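First up is the structure itself, then whatever we jot down about it.
Number of protein chains: 2
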Amino acid sequence: MRRAAIGVFDSGIGGLTVAAEIAARLPHEDIIYLGDTARLPYGTRSPQTIVRYAERATGLLLKYPIKALVVACNTASAYSLDALRAATDLPVLGVIKPGARAAVAGSRSGRMGIAGTEGTIRSGSYQQAIHALDPVVELVARPWPLLVPLAEEGWHDHAVARLALETYLSDFAELGVDTIVLGCTHYPVFKRLISEVLETTFGASDVALVDSAVAVTTDLQQLLMERDLEAPQRAGRRSFFCTDARERFERVGGHFFRGDLSSATVVDL
Amino acid sequence: MRRAAIGVFDSGIGGLTVAAEIAARLPHEDIIYLGDTARLPYGTRSPQTIVRYAERATGLLLKYPIKALVVACNTASAYSLDALRAATDLPVLGVIKPGARAAVAGSRSGRMGIAGTEGTIRSGSYQQAIHALDPVVELVARPWPLLVPLAEEGWHDHAVARLALETYLSDFAELGVDTIVLGCTHYPVFKRLISEVLETTFGASDVALVDSAVAVTTDLQQLLMERDLEAPQRAGRRSFFCTDARERFERVGGHFFRGDLSSATVVDL
């Protein structure tokens with residue numbers, strides 16, 4: 001079992017930021033990544049559809065020798081964890097609880113912002129997970145739909161991204177949040193710009209940005225340690241699957257993984 | 270046959286601009302609209318996948334009494350018309366040829382721009398259709414991926430849209446185009462802003478913007494007349510189907526149709 005891989009799935013390429021974090025901090029682990037590029041984006045789908053897609057994606061990963069499943073997609077984490085845990089005895093980690101825990105642990109003022117896709121925000125999952133940990137936290141939750149295409153366009157530091165963030169961040173600044181949960185795997189590429197806009201436009205310095213890729217990797221690391229599942233010392237292998245449009249997966253996804261994806265295989269779920 | 274409906278399909282809600290144009294200019298015609306919201310966007314899918322999706326969508330519309338099929342999605346028009354014409358004897362109209370014809374007819378300088386999704390631009394369909402009509406036209410073709418989420422966000426006149434257009438339009442202005450084909454059904458909501466940016470930022474007035482919703486409706490009108498298929502004088506009925514996320518289809522789509530969609534039915538293809 002220690003030699004088995006970490007299965008990671010996402011609706012597309014955003015989850016590659018999670019795979020990159022796992023690869024960087026757990027370099028001995030094999031990683032099998034599936035991006036469901038034929039069905040992205042999950043963020044605007046109905047809950048039943050998201051569950052069905054997540055079950056199919058998990059079904060593929062379970063055909064490989066894996067020891068843990070990481071649901072790197074926030075929308076899928078919001079809706080499908082119960083269904084996936086019913087489908088396998090392996091540990092299933094979503095990104096929402098780790099993100100919520102990191103946010104609550106880090107906030108001093110108890111005023112937080114949550115940003116994500118329409119589906120993630122509408123699900124109320126981050127709101128519930130945070131309030132379960134600390135019921136008196138004040139929250140503002142907003143969808144930031146433009147950031148996904150901006151990230152995929154590579155406009156990480158473009159004036160358009162800055163202006164969109166000035167619009168999106170105003171409600172967060174008004175509440176005076178000291179922590180913002182980046183509840184979509186695409187958003188961490190804008191970390192520097194978000195901090196800059198908060199400081200220059202709203203005079204808000206020292207706002208902590210919670211990256212769920214970092215938070216879930218911490219949880220995964222601890223889980224592997226506790227269950228004695230850590231891989232032996234070796235160079236971990238990385239395998240990439242997508243369900244459509246491989247060329248785009250490799251080209252755009254490469255920026256998110258910060259590495260070469262040219263071995264990707266297209267699979268039909 | 271004259272009492273049969275016009276079948277219109279699109280990958281989602283953008284094609285509602287085409288349905289709106291047909292409804293306005295052919296008010297006696299019944300319209301059956303299908304938005305494949307479970308599988309949008311088509312623009313980043315592979316050609317084979319787009320053809321498969323278009324065949325399934327057409328299969329649904331053919332279960333209803335229709336007399337013509339309008340493929341309102343540019344990406345589907347780019348890839349799937351041959352396959353759809355093989356599947357039915359009904360006339361099948363895409364948006365690309367009508368748009369290309371309108372562009373060539375309107376341009377004085379022979380320098381044109383084409384904007385669309387990644388899939389539409391990469392397909393080369395507009396480029397080929399225009400060059401088939403006039404081989405010496407000078408073309409610049411560019412994807413404008415941010416305009417779809419900007420349109421769906423309702424930021425039709427927002428500073429972010431203006432800045433994105435300033436970036437996107439610079440190559441077009443540099444070539445000195447006198448015509449721009451809006452090769453995506455979402456783009457016409459930005460017509461006013463595009464003209465304004467061309468004029469104020471680039472000093473380019475009098476650039477014609479070709480809206481394929483207008484162009485394909487003209488072709489449809491002519492086809493119905495030629496084949497004696499025009500509906501009798503009556504109030505045309507409009508029926509709406511989508512494949513997922515009905516609430517969003519009705520809410521966001523309502524702006525595109527400029528009318529009420531609250532009778533939409535969810536179907537599984």
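Protein sequences appear in the order of chains A and L. Residue numbering for the first sequence follows the working numbering, beginning at 1 and increasing consecutively. Residue numbering for the second sequence follows the working numbering, beginning at 270 and increasing consecutively. Don't be surprised by glycine CBs; every beta carbon is placed ideally from N, CA and C. All figures in this text were calculated on a predicted structure; none of them were measured in a lab.
- Counting only runs of at least 3 residues, the region 9-96 of chain A fully encloses the following beta strand (DSSP E) elements, listed from N- to C-terminal order: 31-35, 66-71 and 92-94.
- By the Cβ-count criterion, Thr454 of chain L is buried, with 16 or more other Cβ atoms from all chains shown falling within 10 Å of its own Cβ.
- No Cβ of chain A is located within less than 8 Å of the beta carbon of Glu465 of chain L.
- Using a CB distance below 7 Å, the part of the region 38-66 of chain A facing chain L consists of Ala38, Thr44, Arg45, Ser46 and Thr49, ordered along the chain.
- Rounded to whole angstroms, the Cβ separation of Arg411 of chain L and Asp440 of chain L is 6 Å, and the two are in contact under 8 Å.
- For Gly505 of chain L, there is no enclosing alpha helix (DSSP H), as DSSP gives it neither H nor E.
- If you compare the alpha carbons of L:Glu387, L:Leu451, L:Arg272 and L:Glu298 with that of Ala482 of chain L, the shortest gap goes to L:Leu451.
- Residue pairing from DSSP places Thr448 of chain L in a beta bridge opposite L:Met381 and L:Ala477.
- With contacts defined as CB atoms closer than 8 Å, Val340 of chain L and Leu330 of chain L fail to qualify as a contacting pair.
- Look at the region 71-92 of chain A: it has no residue with a C-beta under 7 Å from a C-beta of chain L.
- Contact annotation: Ala500 of chain L and Arg294 of chain L have beta-carbon atoms that are not nearer than 8 Å.
- In this model, Leu432 of chain L and Arg370 of chain L are separated by some 30 Å (Cα to Cα).
- Put simply, the CB of Asp10 of chain A is far from chain L, with every gap to its CB atoms at 8 Å or more.
- From the beta-carbon of Arg142 of chain A, no residue of chain L is found nearer than 9 Å; the closest lies around 12 Å away.
- Between Gly304 of chain L and Ile335 of chain L, the CB-CB gap reaches or exceeds 8 Å.
- Burial state of Pro404 of chain L is exposed, judged by a 10 Å Cβ sphere holding fewer than 16 other Cβ atoms.
- Listed in chain order, the non-local C-beta contacts of Leu492 of chain L below 8 Å within the same chain comprise Ala337, Pro360, Leu362 and Leu498, local neighbours out to five positions each way being set aside.
- Distances from the alpha-carbon of Lys63 of chain A to those of A:Phe202, A:Leu209 and A:Tyr33 put A:Tyr33 closest.
- In the structure shown, the three-state DSSP call for Gly259 of chain A is coil.
- Here the alpha carbon of Asn74 of chain A sits roughly 12 Å from the alpha carbon of Val51 of chain A.
- Taken atom to atom, the span from the alpha-carbon of Glu166 of chain A to that of Glu435 of chain L is near 18 Å.
- Put simply, the CB of Arg517 of chain L is near chain A, with a gap under 8 Å to one of its CB atoms.
- The Cβ atoms of Ala57 of chain A and Phe9 of chain A sit closer than 8 Å to each other.
- Val140 of chain A has A:Gly113 as its beta-bridge partners, per DSSP.
- For Ala164 of chain A, at least one C-beta of chain L is nearer than 8 Å to its own C-beta.
- Gly276 of chain L carries a strand assignment under DSSP once its states are collapsed to helix, strand and coil.
- Interface annotation for the region 446-471 of chain L against chain A: empty, criterion Cβ-Cβ distance under 8 Å.
- Beta bridge pairing from DSSP links Phe510 of chain L with L:Leu303 and L:Thr534.
- Around the C-beta of Asp351 of chain L, fewer than 16 other C-beta atoms lie within 10 Å, and the residue is accordingly described as exposed.
- Boundaries for Gly423 of chain L: no alpha helix (DSSP H) harbours it, and the DSSP string shows neither H nor E there.
- If you look at Arg227 of chain A, you'll find it isn't in any alpha helix (DSSP H); DSSP assigns it neither H nor E.
- For the pair Thr243 of chain A and Gly7 of chain A, the Cα-to-Cα distance works out to about 16 Å.
- By the C-beta density criterion, Asp480 of chain L is buried, having at least 16 other C-beta atoms within 10 angstroms.
- Between the alpha carbons of His524 of chain L and Leu16 of chain A lies a distance of about 35 Å.
- With a cutoff of 8 Å on beta-carbon distance, Val373 of chain L and Val406 of chain L are scored as near each other.
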